[in-house]
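Asker: In the working numbering, the protein residues as written are 374 to 694.
For every residue, glycine included, the Cβ atom is placed at its ideal position computed from N, Cα and C.
This is how it looks when you write it as structure tokens:
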């Protein structure tokens with residue numbers, strides 16, 4: 374279902390809602406500065422910025438000292454690991470109903486927060502807003518920058534539409550009350566976590582299962598500068614497939630019927646079919662790495678303990694809360 378929601382300026386109502394921007398970072402040092410500056414330069418009048426620093430040293434903290442006089446900036450050093458854990462910590466520390474998430478290698482547009490708030494205000498059932506992520510200038514012959522570009526807006530209202538919305542946390546908004554209801558991001562999923570990736574699709578599934586909507590719009594924009602050479606990009610694709618397999622296994626364990634069609638789309642549509650097509654049309658075996666990664670992740674997910682109260686995985690050495 375295509376949606377043409379009206380994203381007018383969110384500052385027009387008499388009461389201007391607050392929004393908190395969130396960055397979870399690790400070992401970025403002064404490379405985080407462009408992201409921080411772009412957010413603090415946003416035109417929205419009522420926001421703050423939370424940075425969760427999981428770094429092994431103090432280089433990021435030192436780089437942020439010039440902003441120490443800006444009351445909008447909140448810095449927390451944390452011994453947590455993984456972007457999901459960092460984002461959960463940041464959101465739990467905020468008081469705003471709306472939260473805007475980006476990465477430490479992104480630059481937000483000046484109206485990023487205004488457009489994010491405007492998107493949420495169109496419907497109280499929207500739990501997640503996902504925007505476009507374009508690539509910064511780079512040499513495309515030498516590597517890749519992950520992007521997410523949607524030409525038109527789309528509103529997903531039921532979990533059967535999950536394959537139509539993807540979103541990445543380089544540019545994602547979260548309604549705090551909805552985040553609380555679904556027990557946040559799964560800390561076992563995502564970059565830096567034991568199951569490596571797939572925090573975004575898992576989070577969107579949890580939101581849709583809880584009755585919230587996912588709204589994707591190109592009006593909310595960031596530019597991504599996270600360049601990877603081809604070797605590192607192949608490693609990233611492995612992590613993506615591994616985490617996706619683990620995340621999908623979760624819903625098999627919970628016996629959610631929708632997962633059958635989603636599994637078909639993600640596994641057969643995106644991994645098996647391209648592999649078979651390469652064999653038939655080009656007489657070459659390409660794509661086996663993603664097949665192995667997804668399969669290994671799926672098996673790992675099946676054997677990773679699941680807290681059925683929160684819907685989140687937990688380490689085998691821990692007990693469910």
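Who are the Cβ neighbours of residue 634 in its own chain at under 8 Å, not counting the five residues just before and after it?
Answerer: Only 533, 536 meet the Cβ criterion.
Asker: Should the segment 420-433 be called in touch with the segment 543-550, which here means at least 3 C-beta pairs below 8 Å?
Answerer: They do not touch, by the three-pair rule.
Asker: With DSSP as the reference, label residue 591 as helix, strand or coil.
Answerer: Reduced to three states, the DSSP call for residue 591 is strand.
Asker: One question on the structure: do residue 682 and residue 619 come within less than 8 Å of each other, judged by their Cβ atoms?
Answerer: It is not a contact, given that the beta carbons lie outside the stated cut-off.
Asker: Should residue 512 be flagged as near chain D, meaning a C-beta pair shorter than 8 Å?
Answerer: Given the protein chain composition of this structure (a single chain), no chain D is represented.
Asker: So, residue 471 versus residue 445, is the Cβ gap smaller than 8 Å?
Answerer: Not a contact, by the Cβ cut-off of 8 Å.
Asker: If we ignore side chains and look at the alpha-carbon of each, how far apart do residue 404 and residue 439 end up?
Answerer: Straight-line Cα distance between these residues: approximately 14 Å.
Asker: In angstroms, rounded to a whole number, what distance separates the CA positions of residue 469 and residue 488?
Answerer: Rounded to the nearest angstrom, the two C-alpha atoms are 16 Å apart.
Asker: DSSP puts residue 516 in a beta bridge; with which residues?
Answerer: Note: residue 516 sits in a beta bridge opposite 602.
Asker: Starting from the Cα of residue 395, find the closest Cα among 510, 496, 408 and give me that residue.
Answerer: Closest by alpha carbon: 408.
Asker: Compare the Cα-Cα distances from residue 332 to each of 390, 551, 511 and report the closest residue.
Answerer: Residue coverage of the chain in this structure runs from 374 to 694, which leaves residue 332 outside it and unanswerable.
Asker: Which ranges does the beta strand (DSSP E) cover as unbroken runs of at least 3 residues, wholly within the segment 427-510, from first to last along the chain?
Answerer: If we require 3 residues or more, the beta strand (DSSP E) runs fully inside the segment 427-510 come out as 446-450, 471-475, 479-481, 499-508.
Asker: Is the segment 483-501 touching the segment 445-458, taking contact as three or more C-beta pairs under 8 Å?
Answerer: With a cut-off of 8 Å, the segment 445-458 and the segment 483-501 do not count as touching, because too few Cβ pairs lie within range.
Asker: Measuring alpha carbon to alpha carbon, tell me which residue in 644, 594, 659, 687 is nearest residue 524.
Answerer: The residue with the shortest Cα to Cα distance from residue 524 is 594.
Asker: Return the Cβ separation of residue 587 and residue 538 in integer angstroms, given the expectation that the two are a contact with Cβ distance under 8 Å.
Answerer: With a Cβ gap of about 5 Å, residue 587 and residue 538 count as contacting.
Asker: With distances taken between CB atoms, is the gap from residue 673 to residue 568 smaller than 8 Å?
Answerer: Yes, they are a contact pair.
Asker: Rounded to whole angstroms, what is the Cα-Cα separation between residue 647 and residue 392?
Answerer: Their backbone Cα atoms lie some 42 Å apart in a straight line.
Asker: With a Cβ-Cβ cutoff of 8 Å, do residue 423 and residue 451 count as a contact?
Answerer: Result no, Cβ atoms of residue 423 and residue 451 do not sit closer than 8 Å.
Asker: Does the beta-carbon of residue 627 have 16 or more other beta-carbons within 10 angstroms, so that it is buried, or is it exposed?
Answerer: Exposed: under 16 other Cβ atoms inside 10 Å.
Asker: Could you check how far apart the C-beta atoms of residue 565 and residue 399 are, in whole angstroms? I think they sit under 8 Å.
Answerer: With 8 Å as the limit, residue 565 and residue 399 qualify as a contact, their Cβ atoms being about 7 Å apart.
Asker: Rounded to whole angstroms, what's the CA-CA distance from residue 606 to residue 517? Just pull it up for me.
Answerer: When rounded, the distance between both Cα atoms is 7 Å.
Asker: Pull the bridge partners of residue 423 from the DSSP assignment, please.
Answerer: Its beta-bridge partners are 395, 447.
Asker: Please name the residue, chosen from 413, 447, 601, that lies closest to residue 512 on a Cα-to-Cα basis.
Answerer: Checked all of 413, 447, 601; the closest Cα to residue 512 is 601.
Asker: Among 549, 528, 592, 505, which one has its Cα closest to the Cα of residue 390?
Answerer: The shortest Cα separation from residue 390 among 549, 528, 592, 505 belongs to 549.
Asker: Looking at the unbroken alpha helix (DSSP H) that takes in residue 676, where does it start and where does it end?
Answerer: 661-676 is the span of the alpha helix (DSSP H), which, as asked, contains residue 676.
Asker: Grab the span of the beta strand (DSSP E) containing residue 548 for me, first residue to last.
Answerer: Segment 544-548, the beta strand (DSSP E) holding residue 548.
Asker: Starting from residue 527, trace the beta strand (DSSP E) in both directions and tell me its first and last residue.
Answerer: 527-529 is the span of the beta strand (DSSP E), which, as asked, contains residue 527.
Asker: Check the DSSP bridge columns for residue 686 and list the partner residues they point to.
Answerer: For residue 686, which the question treats as bridged, DSSP gives the partners 679.
Asker: Specify, as a first and last residue, the run of the alpha helix (DSSP H) that residue 558 falls within.
Answerer: Looking at the DSSP string, residue 558 is not in any alpha helix (DSSP H), and its letter there is neither H nor E.
Asker: Bridge partners of residue 409, per DSSP?
Answerer: DSSP lists no partner for residue 409.
Asker: Measure the alpha-carbon distance for residue 690 versus residue 653 and round it to whole angstroms.
Answerer: The alpha-carbon atoms of residue 690 and residue 653 are separated by roughly 45 Å.
Asker: If you draw a straight line from the C-alpha of residue 497 to the C-alpha of residue 585, how long is it?
Answerer: Computed Cα separation, rounded: 9 Å.
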